[in-house]
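In UniProt numbering, the protein residues as written are 1 to 114.
All C-beta atoms in this analysis are idealised placements derived from N, C-alpha and C, irrespective of residue type, glycine included.
Worksheet for the structure shown next.
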């Protein structure tokens, strides 16, 4: 499960009985900045335990922050599409692959925040 690769998994676990997978999630933003890369994703399930201020909401958008990046590869460019994600680990590096019909990426990093 993708949350195993986060530095701070409790920041998302506290809202769910079971955190949803990222399969078939919608990517809404890909942002490159001085800290690394941020990818915002609409989760496929609204939280079981949302805070009171979310009572009129029906979608949870989370941002994964990829830090200490070693490598990035991108092909195509079409966000706002349904993505599938694969997370893997090799020694002290995290390898993340995301793909949709028109966009794919691979990020090798040392840290993922939420």
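As assigned by DSSP and simplified to three states, the class of residue i
i           : result
residue 116 : Missing from the structure shown is residue 116; the chain here goes from 1 to 114 and no further.
residue 41  : strand
residue 114 : coil
residue 52  : helix
Inter-residue Cα distance where the pair is residue i and residue j
i           : j           : result
residue 119 : residue 51  : Lying outside 1 to 114, the shown extent of the chain, residue 119 is not represented and no answer is given.
residue 75  : residue 65  : 20 Å
residue 73  : residue 107 : 7 Å
residue 111 : residue 94  : 7 Å
Spatially closest choice to residue i from the options, by CA coordinates
i           : options           : result
residue 102 : 84, 93, 44 and 12 : 84
residue 21  : 4, 37 and 8       : 4
residue 46  : 15, 37 and 38     : 15
residue 35  : 96, 69, 97 and 77 : 69
Exposure label - residue i; buried when at least 16 CB within 10 Å
i          : result
residue 23 : exposed
residue 31 : exposed
Query raised in the report: Would you call the segment 84-95 and the segment 54-63 in contact, with 3 or more CB pairs under 8 Å?
Result: no
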